[in-house]
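Chemist: Just passing along the structure, written as structure tokens.
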Amino acid sequence: MKFLSSLLASAALAAATVDFGNWHPPVAGDVRSPCPALNTLANHGILPRDGKNYTLDKLVPAFGKALNVSVETITTVALAGFRAGSDGKSFNLDDLKKHGIIEHDASLSRKDVALGGQNQDFSPEIFNEFLSYFGNQTEITIQSAAHARWNRVKTEHDRNPSFSYGPAAQFNSYVETATYFDLLKNPATGTVPVEFIKIFFSQERLPYVEGWRTPAVISGFRVANSVLQVALYTPE
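Read left to right, the sequence shown gives residues -16 to -1, 1 to 220 (mature numbering (1 follows the signal peptide of the UniProt record, and there is no 0)).
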């Protein structure tokens, strides 16, 4: 209980000091992951910019202050990440490229490993395919997000002879779509500007200058509700 209280206090204190304008891309020696959210927080300096030795006491305040992710939600994600690290209680961002732990086939912005992809690196080709499923929309609903995700799954299923999409990968894929949608959603409309999606994935930057603001609390219940919506809009 004392540890949890300490994490909550750290997150509350950090929330008052975030500077979303303090952004720059990685430099030589920095490492990055297949996860745009983690990379974005590193690029903003909210997490250590070098991408190394991420522990729970670093992750909880960072996600709390910048993205308003609840302690229990980021703790669940962090524990999955620690499975990819060397000591079970920390990870470097590039540890997360290990296939089948968090990283999975049919990413929204990375090539499949079996097809020669460097899965920690952004792929304009894959991302442009993903964007194409939005058509001419400038704002998307969660139904549109689910549709785009499912089309990425079908694409990789058809062209990757080693395609892997078991229950864990399926769940991670649902969670990722639900999370980016909740993170970038306009609370007034319930939709996400496609411009925000482009900035978040391709630049790994929070679109603060363009009007994005930290969302309402992203709790486990909220993520679960969005995951359910993604699943209901997916014909699988």
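C-beta atoms are modelled at their ideal positions from N, C-alpha and C, and glycine is treated no differently.
1) Hey, how far is the Cα of E188 from the Cα of A26?
2) Which value, in whole angstroms, describes the spacing of the CA atoms of A208 and G5?
3) With a CB to CB cut of under 6 Å and the five nearest residues on each side skipped, what residues in its chain are close to A130?
4) Does the beta-carbon distance from G29 to D14 come in below 8 Å?
5) Can you tell me whether H141 is buried or exposed? The criterion is at least 16 other CB atoms within 10 Å of its CB, across all chains shown.
6) Identify the continuous alpha helix (DSSP H) that holds Y164 and give its terminal residues.
7) Return the bridge partner residues of Y38 from the DSSP annotation.
8) Look at the Cβ atom of L77, then the Cβ atom of R16, and state whether they are nearer than 8 Å.
9) Compare the Cα-Cα distances from T163 to each of K82, S210, P9 and P151 and report the closest residue.
10) Does L43 pass the burial test, meaning 16 or more other C-beta atoms within 10 Å, or should it be called exposed?
11) Should S210 be flagged as near chain B, meaning a C-beta pair shorter than 8 Å?
12) When you compare the CB positions of I86 and L92, do they come within less than 8 Å of one another, or not?
13) Leaving out five residues on either side along the sequence, give the residues of the same chain with a beta carbon under 8 Å from the beta carbon of P145.
14) Between S54 and G204, which are expected to be in contact by the criterion C-beta below 8 Å, what is the C-beta distance as a whole number of angstroms?
15) Report buried or exposed for A(-6), applying the criterion of at least 16 other Cβ atoms within 10 angstroms of its Cβ.
16) Going by C-alpha to C-alpha distance, which of V137, Q127 and Q154 sits closest to G174?
17) Do V2 and A64 count as a contact pair if the criterion is CB distance below 8 Å?
18) Excluding five sequence neighbours on each side, which residues of the same chain lie with their C-beta closer than 6 Å to the C-beta of D96?
19) Can you tell me whether DSSP reads I86 as helix, strand or coil?
20) Keeping to the same chain, check which residues put their C-beta closer than 7 Å to that of residue 237; ignore five residues upstream and five downstream.
21) So, is L212 buried or exposed, given that buried needs 16 or more other C-beta atoms within 10 angstroms?
22) What is the rounded straight-line gap between the Cα of I181 and the Cα of A21?
23) State the Cα-Cα distance for the pair T125 and Q154, rounded to the nearest angstrom.
Modeler: Here's the rundown:
1) By one-based count along the sequence shown, residue 188 stands at place 204. By one-based count along the sequence shown, residue 26 stands at place 42. In a straight line, the C-alpha of E188 is about 9 Å away from that of A26.
2) Within the sequence shown, residue 208 is the residue found at index 224, counting from 1. Within the sequence shown, residue 5 is the residue found at index 21, counting from 1. The alpha-carbon atoms of A208 and G5 are separated by roughly 31 Å.
3) To locate residue 130, count along the sequence shown from 1; it is residue 146. Within the same chain, A130 has close Cβ partners V214, Y217 and T218.
4) Reading the sequence shown from its first residue, position 45 is the one you call residue 29. Reading the sequence shown from its first residue, position 30 is the one you call residue 14. The answer is no: Cβ separation not under 8 Å.
5) Taking the sequence shown and counting its residues from 1, one reaches residue 141 at position 157. When all chains shown are included, H141 counts as exposed.
6) Along the sequence shown, one-based indexing puts residue 164 at 180. Element bounds for Y164: P151 to L168.
7) Against the sequence shown, residue 38 aligns to sequence position 54. DSSP, once it has assigned bridges, lists F75 as partnering Y38.
8) Taking the sequence shown and counting its residues from 1, the one referred to as residue 77 is at position 93. Taking the sequence shown and counting its residues from 1, the one referred to as residue 16 is at position 32. Contact: yes.
9) Taking the first residue of the sequence shown as position 1, residue 163 is located at position 179. For T163, the nearest C-alpha among the options comes from S210.
10) The residue given as residue 43 occupies position 59 in the sequence shown. Counting Cβ neighbours within 10 Å, L43 comes out buried, since at least 16 surround it.
11) Reference to chain B is not applicable here, since this structure consists of a single protein chain.
12) Start at 1 with the first residue of the sequence shown, and residue 86 comes out as number 102. Start at 1 with the first residue of the sequence shown, and residue 92 comes out as number 108. No.
13) Residue mapping note: residue 145 aligns to position 161 of the sequence shown, counting from 1. Cβ neighbours of P145 beyond the five flanking positions: A98.
14) Looking up residue 54 in the sequence shown gives position 70. Looking up residue 204 in the sequence shown gives position 220. The pair is a contact, with the Cβ atoms about 7 Å apart (cut-off 8 Å).
15) Here residue -6 refers to the residue found at position 11 of the sequence shown. Bear in mind that a pLDDT of 44 at A(-6), under 50, signals an unreliable position, so the model cannot answer this.
16) If you number the sequence shown from 1, residue 174 lands on position 190. For G174, the nearest C-alpha among the options comes from Q127.
17) Counting from one through the sequence shown, the residue named residue 64 turns up at place 80. Counting from one through the sequence shown, the residue named residue 2 turns up at place 18. No, these two residues do not count as a Cβ contact at 8 Å.
18) Working through the sequence shown from its first residue, we reach residue 96 at position 112. Correct list, in chain order: D89, E140 and N144.
19) Locating residue 86 in the sequence shown gives position 102, where the first residue counts as 1. Coil at I86, not helix or strand.
20) Given a span of -16 to 220 for the chain in the structure shown, any question on residue 237 remains unanswerable.
21) On the sequence shown, residue 212 is found 228 positions in, with the first residue counted as 1. So L212 ends up on the exposed side.
22) For the purposes of this step, residue 181 is taken as the residue at position 197 of the sequence shown. For the purposes of this step, residue 21 is taken as the residue at position 37 of the sequence shown. One C-alpha to the other measures close to 12 Å.
23) As a position in the sequence shown, residue 125 is number 141, starting the count at 1. As a position in the sequence shown, residue 154 is number 170, starting the count at 1. So the two alpha carbons sit approximately 20 Å from each other.
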